[in-house]
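Number of protein chains: 2
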Amino acid sequence: MPHRKYERIPRATISRLAIYVQELEGMERQGVKVVSSEKLAVSCGVNPSQIRKDLAYFGEFGLRGVGYHVFELKEAIKQSLGLDRTWNVAVVGVGNLGRALLRHGVLRKRGFIIVGAFDCDPFKIGEEIGGLEVICSSKLPEKTRELNVEIGIITTPAERAQRAVNYLLEAGIKGIVNFAPARIKTPPNVAVEYVDFIHHLFSVAFRITQSQAKGLI
Amino acid sequence: MPHRKYERIPRATISRLAIYVQELEGMERQGVKVVSSEKLAVSCGVNPSQIRKDLAYFGEFGLRGVGYHVFELKEAIKQSLGLDRTWNVAVVGVGNLGRALLRHGVLRKRGFIIVGAFDCDPFKIGEEIGGLEVICSSKLPEKTRELNVEIGIITTPAERAQRAVNYLLEAGIKGIVNFAPARIKTPPNVAVEYVDFIHHLFSVAFRITQSQAKGLI
DNA sequence: AAAAGATTGTTAAAAATTTCACTATGCCCC
DNA sequence: GGGGCATAGTGAAATTTTTAACAATCTTTT
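Written as structure tokens, this is what we have:
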């Protein structure tokens with residue numbers, strides 16, 4: 003039974019896998035032991051075939067006629083995603099959002115350890131937030147290597163995002179999650195994800211506008 | 003020339019339009035007056051045809067042989083998305099993330115006015131954050147109507163998300179942006195968007211893992 | 001131990017989305 | 001004002017993604 007591990011895996015599959023993990027954890031908390039693709043699909047708001055297909059990229063985790071063991075499936079997905087280890091991350095930009103991330107425990111709980119906080123504002127440098135001292139951004143390349151940072155989180159204003167990225171690239175960073183409202187330039191071997199909640203507000207505003215327009219016809 | 007305004011518009015198109023607006027604003031700041039689909043495509047990291055096709059859903063905004071007027075195109079897209087007005091929003095859940103949103107000026111700058119902040123923690127009720135007094139969540143239905151809230155932003159913990167949503171639905175909310183790490187149940191006429199930055203970290207972690215695995219072969 | 005029922009893994013079909021290629025049109029220069 | 005160049009808009013093709021259908025197989029029942 004040849005696994006498809008070396009097929010290209012759709013980006014959408016990855017984000018759904020994250021949703022499956024989330025829902026499986028919810029089920030685990032509720033004491034559910036076994037779940038079918040049908041039931042999981044309902045709680046994730048997707049098609050059951052979709053789930054089975056998504057999982058097939060990584061292996062066979064179910065039992066025909068039965069379903070999936072909640073705990074085992076969750077672990078299997080997490081392992082497939084590379085979450086069976088911890089990742090060192092650095093936060094660049096200590097504004098409102100950066101501070102929230104530094105204080106928010108969820109990153110650590112998920113295995114992403116914030117090992118560095120950087121900012122270029124002299125008033126912020128030296129300040130302690132969430133147990134970390136804010137370091138001058140110009141020390142990023144040096145510190146990134148020293149602290150063994152693999153993923154950078156950009157929470158600077160838009161106009162300083164690229165500079166922060168450049169510092170990280172200089173240190174050979176492997177991945178970046180960009181919260182700044184700006185596109186950034188990186189070489190193709192660096193994994194970049196954009197998080198922009200304003201876009202989601204735009205989307206909601208559009209859909210409301212649209213459904214109201216439709217109502218008028 | 004029949005506009006396609008009443009064709010179903012792909013979700014992906016909407017999120018790209020938000021990117022176009024972002025980049026057009028950047029160009030505006032740099033004094034660029036006119037841009038071609040080719041140039042805009044490069045700065046957004048997409049295909050030029052894609053841009054032209056996305057815009058075609060809403061009308062014709064360009065000038066053949068020339069390109070698009072930066073300011074006019076930006077305005078046209080914003081109008082198409084329903085951003086030529088302000089939207090009243092409420093934040094439900096005043097933890098680290100909720101606070102960051104309340105203090106973060108970007109929402110207001112984008113036309114999303116936070117008119118209410120809600121939480122169920124008695125220690126937080128009455129507190130003033132970003133010029134707003136935190137109100138008890140149980141007053142949500144009443145206050146939502148009173149303040150004319152159209153969009154709700156959920157920043158509660160996962161286990162309280164659905165309750166917050168139910169309160170909002172009770173008041174006839176039209177759209178929800180959910181930052182809580184949980185799927186929520188809503189009727190189909192309510193626009194829902196999920197924002198979960200942990201998923202983006204997952205995605206980056208996966209892609210790093212994958213590219214390292216590939217390197218070993 | 002065979003049959004019935006359930007549900008996965010997988011192949012095939014359908015649908016959606018993206019990209020290509022070309023036509024139409026506007027600007028600029030001679 | 002005509003020709004050349006540039007670039008938007010658009011229909012068709014290619015690609016990707018999703019959904020449906022079904023064969024394989026596991027559990028339970030009789």
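Protein chains in written order, with this note's numbering: chain A, 3 to 219; chain B, 3 to 219.
Even glycine gets a Cβ: it sits at the ideal position worked out from N, Cα and C.
Legend entry - Pairwise C-alpha distance: P189(B) and F73(A): For the purposes of this step, residue 73(A) is identified with residue 71 of the first sequence, where counting begins at 1. For the purposes of this step, residue 189(B) is identified with residue 187 of the second sequence, where counting begins at 1. As the crow flies, the alpha-carbon of F73(A) is around 30 Å from that of P189(B).
Inset, instruction - Would you list the residues sitting across from V194(A) in a DSSP beta bridge? - result: Locating residue 194(A) in the first sequence gives position 192, where the first residue counts as 1. V194(A) pairs with I178(A).
Inset, instruction - Please determine if the segment 127-138 of chain A and the segment 66-81 of chain A are in contact, where contact requires at least 3 C-beta pairs separated by less than 8 Å. - result: Verdict: no, contact absent.
Inset, instruction - Count the other C-beta atoms from every protein chain shown that fall within 10 angstroms of the C-beta of L103(B), then say buried if there are 16 or more, exposed otherwise. - result: Sequence index remark: in the second sequence, residue 103(B) carries index 101 (1-based). Residue burial annotation: L103(B) is buried, with at least 16 other C-beta atoms found within 10 angstroms of its C-beta.
Inset, instruction - Determine, using beta-carbon pairs with one atom in the segment 145-161 of chain A and one in the segment 117-129 of chain A, whether at least three such pairs fall under 8 Å. - result: In the pairwise beta carbon analysis, the segment 145-161 of chain A is classified as touching the segment 117-129 of chain A: at least three pairs are separated by under 8 Å.
Legend entry - Near-chain B residues of the segment 55-76 of chain A - C-beta to any C-beta below 7 Å: If the cut-off is 7 Å between Cβ atoms, the segment 55-76 of chain A has nothing near chain B.
Legend entry - Secondary structure of H106(B), DSSP reduced to three states: Residue 106(B) sits at position 104 when you count from the first residue of the second sequence. Residue state, collapsed to three classes: coil.
Inset, instruction - Ignore the nearest five residues each way along the sequence and tell me which others in A14(A)'s own chain have a CB closer than 6 Å to its CB. - result: For the purposes of this step, residue 14(A) is taken as the residue at position 12 of the first sequence. Cβ within range, chain order: n/a, list empty.
Legend entry - Under 7 Å by beta carbon: chain A residues contacting L170(B): The residue you call residue 170(B) lines up with position 168 of the second sequence. The premise fails here: L170(B) is roughly 12 Å from chain A at the closest Cβ pair, so nothing lies under 7 Å.
Legend entry - Bridge-paired residues (DSSP) for V68(A): Sequence index remark: in the first sequence, residue 68(A) carries index 66 (1-based). Answer is none; V68(A) lacks a bridge partner.
Inset, instruction - Identify whether V96(B) lies in helix, strand or coil by the three-state DSSP scheme. - result: Position 94 of the second sequence holds residue 96(B). The three-state reading of DSSP puts V96(B) in coil, since its state is none of H, G, I, E or B.
Inset, instruction - Could you pull the start and end residues of the alpha helix (DSSP H) that L142(A) belongs to? - result: For the purposes of this step, residue 142(A) is identified with residue 140 of the first sequence, where counting begins at 1. Note, L142(A): alpha helix (DSSP H), 142-149.
Inset, instruction - Keeping to the same chain, check which residues put their C-beta closer than 7 Å to that of L42(A); ignore five residues upstream and five downstream. - result: Within the first sequence, residue 42(A) is the residue found at index 40, counting from 1. Only Y22, E25, I53 meet the Cβ criterion.
Legend entry - Buried versus exposed, by CB contacts within 10 Å (16 or more), P4(B): By 1-based counting over the second sequence, the position of residue 4(B) is 2. With a pLDDT of only 38 at P4(B), under the threshold of 50, the placement of this residue in the model should not be trusted; the figure read from the coordinates follows. The residue is exposed, with fewer than 16 neighbouring Cβ atoms inside 10 Å.
Legend entry - Range covered by the alpha helix (DSSP H) that runs through D121(A): Taking the first residue of the first sequence as position 1, residue 121(A) is located at position 119. It is not in any alpha helix (DSSP H) - D121(A) instead sits in the beta strand (DSSP E) that spans 114-121.
Legend entry - 8 Å CB neighbourhood of R162(B) in its chain, flanking five on each side removed: As a working note, residue 162(B) is residue 160 in the second sequence. Its chain contains G95, C122, A182 as the residues whose beta carbon lies nearer than 8 Å to that of R162(B), once the 5 sequence neighbours on both sides are disregarded; these appear in chain order.
Legend entry - CB contact check: V136(B) to chain A, cutoff 9 Å: The residue you call residue 136(B) lines up with position 134 of the second sequence. V136(B) is outside the set of residues whose beta carbon lies under 9 Å from a beta carbon in chain A.
Legend entry - Contacts around K145(B), its chain only, beta-carbon distance under 7 Å, and the 5 residues preceding and following it disregarded: In the second sequence, counting from the first residue as 1, residue 145(B) sits at position 143. G118, I137.
Inset, instruction - Report the rounded CA-to-CA distance for M29(B) versus K35(B), giving the unit in angstroms. - result: If you number the second sequence from 1, residue 29(B) lands on position 27. If you number the second sequence from 1, residue 35(B) lands on position 33. Rounded to the nearest angstrom, the two C-alpha atoms are 8 Å apart.
Inset, instruction - Take I219(B) and list the residues in its own chain whose beta-carbon comes closer than 7 Å to its own, dropping the five residues that flank it on each side. - result: Here residue 219(B) is taken as the residue at index 217 of the second sequence, counted from 1. Reliability fails at I219(B), whose pLDDT of 44 lies under 50, so the model's placement of it is uncertain and the value that follows must be treated cautiously. Only residues of its own chain outside the window of five on either side were considered, and among them none has a CB closer than 7 Å to the CB of I219(B).
Legend entry - alpha helix (DSSP H) runs wholly inside the segment 15-71 of chain B, at least 4 long, in chain order: Taking only runs of at least 4 residues, the alpha helix (DSSP H) segments lying wholly in the segment 15-71 of chain B are 39-46, 50-58.
Inset, instruction - Can you tell me which of the three DSSP states I200(A) falls into? - result: Translated into positions along the first sequence, residue 200(A) becomes position 198. Residue state for I200(A) is assigned as helix, using DSSP reduced to three classes.
Inset, instruction - For Q212(B), count neighbouring Cβ atoms within 10 angstroms of its own Cβ and tell me buried if that reaches 16, exposed if not. - result: For the purposes of this step, residue 212(B) is taken as residue 210 along the second sequence, with counting starting at 1. Flag for Q212(B) reads buried.
Legend entry - Contact list for the segment 174-201 of chain A against chain B, Cβ threshold 8 Å: From the segment 174-201 of chain A, only K176, G177, I178, V179, F181, P183, A184, R185, N191, A193, V194, E195, Y196, V197, D198, F199, I200, H201 have a Cβ closer than 8 Å to chain B.
Legend entry - Simplified DSSP state of E9(A), which is helix, strand or coil: Translated into the one-based positions of the first sequence, residue 9(A) becomes position 7. Coil at E9(A), not helix or strand.
Legend entry - Sheet register partners of V136(A) (DSSP bridge): Within the first sequence, the letter at position 134 stands for residue 136(A). BP columns for V136(A) point to A119(A).
Legend entry - Terminal residues of the beta strand (DSSP E) in which G154(A) lies: Mapped onto the first sequence, residue 154(A) falls at position 152. Here the beta strand (DSSP E) through G154(A) covers 153-156.
Inset, instruction - Output yes if chain A places a C-beta closer than 9 Å to the C-beta of R6(B); else output no. - result: The residue you call residue 6(B) lines up with position 4 of the second sequence. Residue confidence for R6(B) is low, a pLDDT of 47 falling below 50, so the modelled location carries little weight; the figure read from the coordinates is stated next. For R6(B), the answer is no, since every Cβ of chain A falls outside 9 Å of its Cβ.
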